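Numbering (this note's numbering), first residue to last: 1073 to 1120.
Don't be surprised by glycine CBs; every beta carbon is placed ideally from N, CA and C.
All values derive from a computational prediction rather than experimental measurement.
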């Protein structure tokens, strides 16, 4: 509970950073959006 649940310094995070905004991208192009970085448990697991 003290390490998850909000975006706060010192807490763990799972997220991806995408190369484009999927909300504004062409729906047919969403699958082509580059994954720039993946973070799991606060650690980078993929970086383009």
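Residues 1111 of the same chain have their beta carbon placed closer than 7 Å to that of residue 1087, with the five preceding and five following residues left out of the count. The C-beta distance from residue 1092 to residue 1079 rounds to 22 Å, too long to meet the 8 Å contact threshold.
Comparing alpha-carbon positions, the option among 1102, 1094, 1084 lying closest to residue 1116 turns out to be 1084. By the CB criterion at 7 Å, residue 1097 and residue 1108 fall outside the cutoff. DSSP, read as helix, strand or coil, puts residue 1119 in strand.
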